[in-house]
Amino acid sequence: MAEGRKSGPDLTEGVAFSSIPDGGSLLGHVGDDAVLLVRHGADVFAIGAECTHYHGPLAEGVIADGAVRCPWHHACFDVRTGEALHAPAISPVACWKVEQQGGTVIVRDKIAQPKPRPRGKRSGTPDRIVIVGGGAAGFAAAEMLRRQDYQGSIVMLSNDDAPPVDRPNLSKDYLAGSAPEDWLPLRADEFYRESQIDLRLKTDVAKIDPRAGAVILADGSALPYDRLLLATGAEPVRLPIPGAELAHVHVLRTLADCRAIIKAADGAKRAVVIGASFIGLEVAAGLRARKLEVHVVAPEKRPLERVFGPQMGDFIRALHEEHGVVFHLEDSADAMMAKQVKLKSGGMLDADLVVVGVGVRPRVALAEQAGLILDRGVKVDATLATSAPNIFAAGDIARWPDPHTGENIRVEHWVVAERQGQTAALNMLGMGHPFRAVPFFWSQHYDIPINYVGHAEKWDDIAIEGDIAGKDCILRYRRSGKVLAVASIFRDKESLEAEIAMERAPA
């Protein structure tokens with residue numbers, strides 16, 4: 022996480038208007054606050070220069086369509102109001118009053134946060150909204166409803182024992198021991214009370230009754246709704262092999278899972294990670310940071326080749342091997358024992374700790390029971406509405422018509438889940454917004470971030486610019502001449518520009 026620091030001119034003393042490029046920005050400071058000046062024609066706006074997600078440097082981002090985008094994780098802020106327009110940022114950046122005197126721009130006073138502007142006209146407002154799920158999509162929906170000044174009832178049902186947390190951190194800095202506990206909550210407990218969001222933890226839903234417009238809880242009580250959002254997420258795949266239920270065998274999905282792995286790592290010497298997935302490899306990096314010997318077992322020839330292609334797959338393997346990870350590829354686990362993992366190849370690996378990261382499956386049981394149309398997930402239309410009236414779906418369970426690929430897709434990305442939750446909130450209020458966001462995720466391997474925008478389940482070729490081994494590259498995945506996705510390492514601005522180009526491309 023970056024630390025705030027003074028940079029550039031003191032804006033209280035003024036800067037020349039001509040020093041701010043039209044459509045561009047100038048980084049300065051007001052007192053101890055880093056402030057970004059953004060010029061649009063004759064107008065100049067002053068906003069906080071650090072992203073509210075993880076303090077990314079907005080001055081190194083891209084300005085487009087009246088907003089500035091963060092180079093790290095593609096959050097987006099309105100330059101006029103500071104509002105966080107695109108997740109993963111939820112909180113706005115601060116705003117300052119701008120004075121123009123002759124050819125000089127002066128910034129002195131921070132101003133009260135402007136009220137967010139309504140994002141469309143409403144065609145009827147429901148009295149009662151129920152959200153099933155306490156992850157990214159559910160939280161983002163509840164927050165957006167209140168941000169849009171929705172005054173009705175919001176009940177959020179979660180079978181987790183913790184309020185919504187920043188799940189990507191569980192496999193990254195928090196697991197590695199470099200992130201404090203207070204980084205994890207998406208909002209403090211008082212947010213839910215002050216926002217009058219009825220967050221019910223450790224609450225299981227038995228079924229949905231679309232005809233009655235009610236959610237039936239495990240205790241038999243009925244919770245009526247006018248609009249319902251299903252955001253039940255996904256659950257880790259469990260291996261159907263002997264010993265998979267042993268106490269030292271873990272999966273990683275929840276905060277409780279992460280704490281259990283950290284506890285198990287304390288005093289352990291050897292860990293085996295089953296699966297070279299994003300979770301699996303990030304866990305491997307986290308456990309190496311805790312000085313464990315780590316072995317990764319996976320059936321693929323190269324890690325993450327299916328997503329990134331062979332060149333990036335070879336790089337990721339080499340990167341982990343440089344940090345001491347030992348790979349057992351084109352192999353799989355056959356059985357777990359108290360202190361060992363038996364491989365199908367016949368080998369045995371010592372293991373004080375085992376983490377299984379072989380993927381997740383969408384939690385669609387409630388949707389199936391309710392009679393919703395399924396398609397390897399819950400089928401939704403462009404507004405994230407399901408086949409049942411007044412029921413929406415978002416996040417890992419939703420398969421939606423993607424305007425960029427022309428296909429129905431389902432992705433398991435944190436940022437996508439948040440953005441879908443926000444769009445679903447607007448549409449539960451009757452605004453009719455199609456979900457058009459370009460999928461985005463980032464993966465962290467030691468000190469190397471990999472950003473990925475778009476969605477390419479298959480491609481004809483990969484155009485590589487830069488040097489993958491030199492950790493300075495951008496890869497474009499093309500099918501029939503069209504760029505479907507872009508992966509990059511330390512090419513943050515180009516990654517943002519690729520996202521904007523995909524957004525603007527005709528469907």
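Counting in our numbering, the sequence shown runs from 22 upward without gaps. For glycine and all other residues, C-beta sits at the position ideal for the given N, C-alpha and C.
Within its own chain, the residues whose Cβ lies closer than 7 Å to the Cβ of residue 433, once the five positions on either side in sequence are excluded, are 255, 381, 417, listed in chain order. DSSP places residue 441 in the helix class (H, G or I) of the three-state scheme. DSSP places residue 256 within a strand segment (E or B) once states are collapsed to three. DSSP places residue 227 in the strand class (E or B) of the three-state scheme. Here the alpha carbon of residue 385 sits roughly 49 Å from the alpha carbon of residue 49. Shown here, residue 473 sits in a strand according to DSSP, grouped into three states.
The Cβ atoms of residue 260 and residue 354 sit closer than 8 Å to each other.
If the five residues before and after residue 224 are omitted, its C-beta is found closer than 7 Å to the C-beta atoms of 178, 179, 180, 238, all from its own chain and listed in chain order. Note that the C-beta distance between residue 324 and residue 297 is below 8 Å. When 467, 147, 426 are compared, the shortest CA-CA separation from residue 246 is found for 147.
For residue 195, the enclosing alpha helix (DSSP H) starts and ends at 194 to 197. Residue 158 has its alpha-carbon roughly 16 Å from the corresponding atom of residue 221. Within the stretch 458 to 525, the runs of beta strand (DSSP E) at least 3 residues long that lie entirely inside it are, in chain order, 461 to 466, 469 to 475, 482 to 488, 493 to 500, 503 to 510. Within the same chain, 330, 496, 498 come within 6 Å of residue 483 by CB-CB distance, once the 5 residues on both sides are set aside.
Under the DSSP assignment, residue 176 falls in the beta strand (DSSP E) whose first and last residues are 174 to 178.
Rounded to whole angstroms, the gap between the alpha carbons of residue 522 and residue 424 is 13 Å. Residues of the same chain with a CB within less than 6 Å of the CB of residue 189, apart from the 5 flanking positions on each side, are 435 in chain order.
Below 8 Å, enough C-beta pairs join the stretch 267 to 287 and the stretch 189 to 203 to call them touching: three or more. With contact defined as three or more Cβ pairs closer than 8 Å, the stretch 70 to 85 and the stretch 100 to 110 are in contact. One thing to note: residue 252 has its Cβ no nearer than 8 Å to the Cβ of residue 439.
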